[in-house]
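Reading through the structure tokens given below for one structure.
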Amino acid sequence: MTTLYEKQKKLHFDLSNVGLRAQATAVGLVQLCIELRRANVLDEPAIERIKSAVADQISLSAPRSIASQDYRRDIAARLDQLFAGEQEVGPADALSFGRSEGGSA
């Protein structure tokens with residue numbers, strides 16, 4: 049029996065193995081989605097499904113010290129900004145939830 053979580057873990061592993069976690073790939077995906085939405089090829093529910101799939105993959109690597117629901121919610125909020133074209137894709141170490149109050153991870 050393969051659960052959704054097991055499928056997500058396998059996809060996560062497969063993507064990591066071929067190097068699709070690169071920032072250039074992420075930028076391309078975001079820009080492609082923006083362009084397809086502008087051309088009315090993708091509707092909002094499709095964009096939401098894409099963002100959800102991306103957030104699911106990212107949340108699989110949540111640090112153990114962070115509540116996974118909080119991490120998932122923060123990821124979803126950042127993806128909303130990225131897919132709206134409001135924020136640039138930056139390095140993961142710049143994420144606020146990746147740091148403690150003292151400034152270190």
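Residue numbers (this note's numbering): 49 to 153.
The C-beta atom is built at its ideal place from N, Cα and C for all residues, glycine as well.
Look at residue 87 here: in three-state DSSP terms it is coil, with no helix or strand label. Residue 94 sits in a helix when the DSSP states are folded into three classes. DSSP places residue 64 in the helix class (H, G or I) of the three-state scheme. No Cβ-Cβ contact shorter than 8 Å links residue 99 with residue 77. The Cβ atoms of residue 108 and residue 57 lie closer than 8 Å to each other.
The shortest C-alpha to C-alpha distance from residue 73 to any of 102, 115, 87 and 116 is the one to 102.
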